[in-house]
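Enquirer:
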Amino acid sequence: MDPDEIAIGIIAGLLEERTGQKLTEDRRWRIAPALAGLFRDRGISSNQDLVVLLTQPDGSSLAQEVVEALLNNETYFFRDRQIFDHLATSVLPALAARRAHSKRLSVWCVGCSTGQEALSLAMTFADQRARWDGWTIDVLGTDVSGSIVEFARAATYSSFQIQRGLGVGQMLAQFTETEGGWQAKERLRRMVRYEVHNLLHPAPYPGRFDLILCRNVLLYFDAPVRERAFARLSEALAEDGKLLLGGGETVLEKGTFFRPCNERYSLYDPLPRATRTAVASPPHKVNIGLNVSLSSAPLGMAQGGSA
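Numbering of the sequence shown is given in UniProt numbering, commencing with residue 1 and proceeding in unit increments.
Here it is in structure tokens:
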């Protein structure tokens, strides 16, 4: 096999080891453009040179940079607007009725990327201020990438980012223009917190969440990894909670964990815990070739208490 193909396979294996995402051969073309900036900044000339550096004793930080560069962070405000409209008019009012005694609602945005989805939820709550007056609303955004989570926490967006999905009126009402860009107003930032977390690790707060958004995260997992992900999601979701998937994920096998609630809007109910199948978690160590195994701690261990 061509040495460069071997190196590309090792790099793809690193991504799968750390995140569960599988770069099939027809998607490995993404590696070159995704790593171009890292190659330039680090003075790396080839995939083979990168693999050599990854196998050095001090290669762990470079491995994290590689994984973060390979992640797809595409997102924008109110992505699939009809989904957020349905949440606002149907799902959230139903959850409010169920939680009227506690006046507390918890939402988890899995794979939150740079924070636009979590802030879109916060704006949805803010637009219904009368309904949620006196409630505690907790929106948690998590992502496997530490640098992306830091960006989300800053809640500051470029002119290009802020205009994707937001009208001028909403932009001016919910954001303040600063020297660094457009920052979400404090009332939104107080509603949302962020943590670094890998979906394949134990759920951050088991059984706590009333609504989980996990959109376009599972598409590139193979079947066994996807089953583990559904198991983790079911651990985190309240018995009467709702799971929202991406439009392309409605055809995925949900195993013994979820059943359709409203497939038009990609909504699912959890199956009773007694009917669910236990899923074993394999060790986070993958042999990636050339007698080398990148076995450092998996990227994205949860950082409890961060906000």
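Where a beta carbon is used, it is the ideal one built from N, C-alpha and C, also for glycine.
(1) With DSSP run on the structure shown, which of helix, strand or coil describes Glu17?
(2) Pull up the distance between the alpha-carbon of Lys285 and that of Gln21, whole angstroms please.
(3) Pick from Arg99, Ser90, Ser120: whose alpha carbon is nearest that of Asp240?
(4) Under 8 angstroms Cβ to Cβ from Asn73, same chain only, skipping five residues before and after it: list those, please.
(5) Given a cut-off of 9 angstroms on the beta-carbon distance, is the pair Ile162 and Trp135 in contact?
(6) Going by beta-carbon coordinates alone, are Asn262 and His86 separated by less than 9 angstroms?
(7) Please report how far the alpha carbon of Pro33 lies from the alpha carbon of Asp4, in whole angstroms.
(8) Excluding the 5 residues preceding and the 5 following Thr19 in the sequence, name in chain order all residues of the same chain whose CB lies nearer than 6 angstroms to its CB.
(9) For Gln64, does the three-state DSSP call read helix, strand or coil?
(10) Would you mind sorting Arg131 into buried or exposed? The rule is 16 or more other CB atoms within 10 Å of its CB.
(11) On the CB-based measure, 16 or more other CB atoms within 10 Å of its CB, does Glu235 come out buried or exposed?
(12) In angstroms with no decimal places, state the Cα-to-Cα distance between Leu211 and Pro260.
(13) Kindly indicate the opening and closing residues of the beta strand (DSSP E) around Leu140.
(14) Would you say Asp41 lies against chain C (beta-carbon separation less than 9 angstroms)?
(15) So who's on the other strand from Gly181, going by DSSP bridges?
(16) Relative to the C-alpha of Pro93, which candidate in Arg79, Ala63, Gln128, Gln116 has its C-alpha closest?
(17) Can you tell which of Gln174, Phe209, Met123, Ser266 has its C-alpha closest to the C-alpha of Val247?
(18) Assign Arg232 to one of two classes, buried (16 or more other C-beta atoms within 10 Å of its C-beta) or exposed (fewer than that).
(19) Please report how far the alpha carbon of Met301 lies from the alpha carbon of Leu199, in whole angstroms.
(20) Just to confirm before moving on: does the CB-CB distance between Ile244 and Tyr220 stay below 9 angstroms?
(21) Tell me the rounded alpha-carbon separation between Thr256 and Ala229.
(22) Where does Val110 sit, in a helix, a strand or coil, going by DSSP?
(23) Out of Ile31, Leu188, Ser159, which has the shortest C-alpha to C-alpha gap to Ala173?
(24) For the alpha helix (DSSP H) containing Arg30, list its first residue and its last residue.
(25) From Tyr76, Leu53, Thr75, pick the residue whose C-alpha is nearest to that of Glu65; which is it?
(26) Counting C-beta neighbours from all protein chains within 10 Å, is the total for Phe175 16 or more, i.e. buried, or is it exposed?
(27) Taking Leu213 as the reference, give the member of Asp222, Phe78, Lys185 with the closest Cα.
(28) Per DSSP, Leu243 is paired with what?
(29) Is Pro57 buried or exposed, if buried means 16 or more other CB atoms sit within 10 Å of its CB?
(30) Going straight from the alpha carbon of Ser60 to that of Gly13, what length do you get?
Expert: This is what the structure holds:
(1) Position 17 of the sequence shown, counted from the first residue, corresponds to residue 17. Reduced to three states, the DSSP call for Glu17 is helix.
(2) To locate residue 285, count along the sequence shown from 1; it is residue 285. To locate residue 21, count along the sequence shown from 1; it is residue 21. Its pLDDT being 46, under 50, Lys285 is placed unreliably by the model, and the measurement read from it follows with that caveat. Their Cα atoms are separated by approximately 14 angstroms.
(3) Start at 1 with the first residue of the sequence shown, and residue 240 comes out as number 240. Checking every option, the nearest Cα to that of Asp240 belongs to Arg99.
(4) To locate residue 73, count along the sequence shown from 1; it is residue 73. Ser113, Thr114, Ser145, Ile148, listed in sequence order.
(5) For the purposes of this step, residue 162 is identified with residue 162 of the sequence shown, where counting begins at 1. For the purposes of this step, residue 135 is identified with residue 135 of the sequence shown, where counting begins at 1. Taking 9 angstroms as the Cβ cut-off, Ile162 and Trp135 do not qualify as a contacting pair.
(6) Sequence index remark: in the sequence shown, residue 262 carries index 262 (1-based). Sequence index remark: in the sequence shown, residue 86 carries index 86 (1-based). Yes, these two residues count as a Cβ contact at 9 angstroms.
(7) If you number the sequence shown from 1, residue 33 lands on position 33. If you number the sequence shown from 1, residue 4 lands on position 4. Using only the alpha carbons, I get a separation of about 15 angstroms.
(8) Sequence index remark: in the sequence shown, residue 19 carries index 19 (1-based). Taken in chain order, the residues that qualify are Val144.
(9) By one-based count along the sequence shown, residue 64 stands at place 64. In this structure, Gln64 counts as helix in the three-state DSSP scheme.
(10) The count along the sequence shown starts at 1 and reaches residue 131 at position 131. Classification for Arg131: exposed.
(11) Indexing the sequence shown from 1 puts residue 235 at position 235. With 16 or more Cβ atoms within 10 Å of its Cβ, Glu235 is classed as buried.
(12) The residue you call residue 211 lines up with position 211 of the sequence shown. The residue you call residue 260 lines up with position 260 of the sequence shown. If I take the Cα positions, the gap works out to 15 angstroms.
(13) The residue you call residue 140 lines up with position 140 of the sequence shown. Per DSSP, Leu140 belongs to the beta strand (DSSP E) from 136–143.
(14) Chain labels in this structure do not include chain C; a single protein chain is all it has.
(15) For the purposes of this step, residue 181 is taken as residue 181 along the sequence shown, with counting starting at 1. Gly181 is bridged to Thr178.
(16) Along the sequence shown, read from residue 1 onward, the residue named residue 93 stands at position 93. Comparing Cα-Cα distances from Pro93 to each of Arg79, Ala63, Gln128, Gln116, the minimum goes to Gln128.
(17) Within the sequence shown, numbered from 1, the residue matching residue 247 stands at position 247. Per the sequence presented here, residue 247 reads as Gly, with Val not at that position. Selected option, being the one with the closest Cα: Ser266.
(18) Within the sequence shown, numbered from 1, the residue matching residue 232 stands at position 232. Buried, since its Cβ has 16 or more Cβ neighbours within 10 Å.
(19) By one-based count along the sequence shown, residue 301 stands at place 301. By one-based count along the sequence shown, residue 199 stands at place 199. For Met301, the pLDDT reaches just 30, beneath the cut-off of 50, and the residue's location in the model is therefore unreliable, leaving the point undetermined.
(20) Within the sequence shown, residue 244 is the residue found at index 244, counting from 1. Within the sequence shown, residue 220 is the residue found at index 220, counting from 1. The identity of residue 244 in the sequence shown is Leu, whereas the question assumes Ile. It is not a contact, given that the beta carbons lie outside the stated cut-off.
(21) Counting from one through the sequence shown, the residue named residue 256 turns up at place 256. Counting from one through the sequence shown, the residue named residue 229 turns up at place 229. Their backbone Cα atoms lie some 12 angstroms apart in a straight line.
(22) Counted from its first residue, the sequence shown places residue 110 at position 110. The answer is strand: DSSP assigns Val110 an E or B state.
(23) Translated into positions along the sequence shown, residue 173 becomes position 173. Ranking the options by Cα distance to Ala173, first place goes to Leu188.
(24) As a first step, residue 30 must be located in the sequence shown, where it is residue number 30. First-last for Arg30: undefined, no H or E at that position.
(25) Walking along the sequence shown from the start, residue 65 turns up at place 65. Nearest C-alpha to Glu65: Leu53.
(26) As a first step, residue 175 is located in the sequence shown; it is residue number 175 there, counting from the start. Answer is buried; the Cβ neighbour count reaches 16.
(27) Looking up residue 213 in the sequence shown gives position 213. Checked all of Asp222, Phe78, Lys185; the closest Cα to Leu213 is Phe78.
(28) Here residue 243 corresponds to residue number 243 of the sequence shown, with the count starting at 1. Bridge partners of Leu243: Ile212, Tyr268.
(29) Against the sequence shown, residue 57 aligns to sequence position 57. Exposed, because fewer than 16 other Cβ atoms sit within 10 Å of the Cβ of Pro57.
(30) In the sequence shown, residue 60 corresponds to position 60, counting from 1. In the sequence shown, residue 13 corresponds to position 13, counting from 1. Distance between the alpha carbons of Ser60 and Gly13: 15 angstroms.
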